[in-house]
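All remarks here apply to the structure that follows.
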Amino acid sequence: MSIASRAKPTRRALFVSKDPNRVDWFKDRLRNHPDTSLQFRFEVVDEGRELDFLKLGKGVQVIFIDLTMVANQSHFDLLSEVTANFNGPVVAVGNMHNLGEVQRCFRAGATDYLDTTNFESDFLQIEDRLGATSQKAEDEGKLVLIVSCNGGNGKSTIAVNLAAAIDLHYKLPVGIAEFDFDNSDVAGMMSLEPDFTIADLLTSDRGYDLQMFTRSLSRYKETGIEVLTTPSTLHDHLDFEGEGLVGIVEQFRAKFPITIIDMPHGYTRIDQQIIEMSDVVLVVIKLNYLSIRNTMKFLKFEIQKRAQSASKFQVLVNRRGQPYEVSLADAESTLNTKLDWILPNDPKVANLSINVGVPIVEEQPKSSLGIAFFQLADKLMTRLELAKSDAPKRAGLSRLWGLIESGRYSTPWETQA
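Reminder that position 129 of the sequence shown reads as 184 in our numbering, one-by-one numbering, no gaps.
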């Protein structure tokens, strides 16, 4: 069946390479696809040339980046530059047999990968995925990150109770990912005893597929909440790198209407990439000098240096009402943002919930903290434009990571609220 017969809309594409011979090679391969829905123009980028991204991406909906000469680090630098300055899909073009190259491409921000050793089949599959981009964007689940620039601010408690409040009031399936390998307490707060953890996905010699990802999730009671927990031992934390986390995020967004991630306190390039993928980042603070200072540094870096949208970052004050705390007005002045996400200090309720392993909104829903969490969930769902459902439903499972879908490649910030 020809591409044209599938009646896919025309998309304007750009092929970028540092080698004119590779441009000719790509053009030659395109001759086998006269009915392609992609209308290409080509750009040869000279070494050391400053790219004009406004000009480069003008009128273009998708960019293909040639990375065949993998020994040249500048190719990956180019890919990182393009993905940081272009809002559409970016397809890396190279040899999939080089697993390290594939991983580096996705770390650099590529959204798909065209295997030069299997060009004919891969090109058709990529066209199918690109043609469905608009529908996928509608189906794609929302991503909420819980971050904190200091330890002991209550990230895990917030993640657990937000998820439980959404499940109770909105009847939507919710995914939780524990990415804070050292300090996340989500599993303990929900009395989970997982058979599999994130380590099973990231250390598998054969990678993982959708079935293994789903099997690794732990369901909380008879709810719509499913959790991917941290490794059960500290030793397991040392056995894998963080690059596989991006693929796990993609799997969550495919499976759940909303996913909440308990992020680590550390700050790595992988964390930056996940922040870029997110819809809302809840930055948890306490009203003390160190927490406010470190949060100010984080926000300045993300908004001023990395040009992230300021509206994405929402500062959440936890445990308001403690002795000798900084005033809300002073905190707002220092952070240059309004603090309208506030949770009260109620250590009795919080500690009881932790000790029995049940979320506050379930164990004591009429407490000040329980009510505050339900209000917080309502604010968040309104912001994400997610409505209540009469019955549980999930985002379309068709939204799978392209290379995992093909079957040829599998992807290898404490407690008291």
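Just so it is clear, CB atoms sit at the ideal spot from N, CA and C, and this is done for glycine as well.
Here the structure is a predicted model, which is why all the values come from computation and not from measurement.
Next on the checklist: At 3 residues or longer, what runs of the beta strand (DSSP E) sit wholly inside the region 350 to 433?
Outcome noted: 368 to 375, 396 to 399
Checklist entry - Among the residues of its own chain, which have a CB less than 8 Å from the CB of residue 94, if the five just before and after it don't count? => result 65, 66, 67, 68
Next on the checklist: Can you check which of these residues, 396, 232, 371, 394, is closest to residue 318 by C-alpha distance?
Outcome noted: 232
Next on the checklist: Rounded to the nearest angstrom, what separates residue 221 and residue 214 at their Cα positions?
Outcome noted: 11 Å
Checklist entry - According to the neighbour-count rule (16 or more other Cβ atoms, all chains shown, within 10 Å of its Cβ), is residue 283 buried or exposed? => result buried
Next on the checklist: So residue 206 and residue 238 are supposed to be a Cβ contact under 8 Å. How far apart are they, rounded?
Outcome noted: 7 Å
Checklist entry - Near residue 394, what residues of its chain come up, given a Cβ to Cβ distance below 7 Å and the 5 sequence neighbours on each side ignored? => result 370, 372, 383, 386, 387
Item to check | Status (buried if at least 16 other CB within 10 Å, exposed otherwise) for residue 71 | outcome: buried
Checklist entry - According to DSSP, which residues form a beta bridge with residue 136? => result Answer is none; residue 136 lacks a bridge partner.
Checklist entry - So what does DSSP say about residue 279, is it helix, strand or coil? => result coil
Next on the checklist: For residue 141, report the span of its beta strand (DSSP E) as first-last.
Outcome noted: Where residue 141 is concerned, there is no enclosing beta strand (DSSP E), given that its DSSP letter is neither H nor E.
Item to check | Beta-carbon proximity list for residue 189, same chain, < 7 Å, skipping 5 on both sides | outcome: Reliability of the predicted coordinates at residue 189 is poor, the pLDDT of 41 falling under 50, and no value is obtained from them.
Next on the checklist: Using only the alpha-carbon positions, how far apart do residue 315 and residue 273 sit?
Outcome noted: 14 Å
Item to check | Residue from 368, 281, 399 whose Cα sits closest to the Cα of residue 426 | outcome: 399
Checklist entry - Start and end of the alpha helix (DSSP H) containing residue 84? => result 75 to 85
Checklist entry - Which term fits residue 344, buried or exposed, when burial requires 16 or more other beta carbons within 10 angstroms of its beta carbon? => result exposed
Checklist entry - Between 177, 145, 212, which lies nearest to residue 84 when the distance is taken from Cα to Cα? => result 177
Next on the checklist: Starting from residue 147, trace the beta strand (DSSP E) in both directions and tell me its first and last residue.
Outcome noted: 145 to 149
Checklist entry - Of the residues 329, 350, 367, 76, which one's Cα is nearest the Cα of residue 335? => result 367
Checklist entry - Out of curiosity, what's the CA-to-CA distance linking residue 182 and residue 86? => result 15 Å
Item to check | Neighbourhood of residue 275 by C-beta distance below 6 Å, restricted to the same chain and skipping five residues each side | outcome: 245
Next on the checklist: Helix, strand or coil for residue 222? Go by DSSP, reduced to three states.
Outcome noted: helix
Checklist entry - Is it buried or exposed for residue 440, if we count other Cβ within 10 angstroms and need 16 for buried? => result exposed
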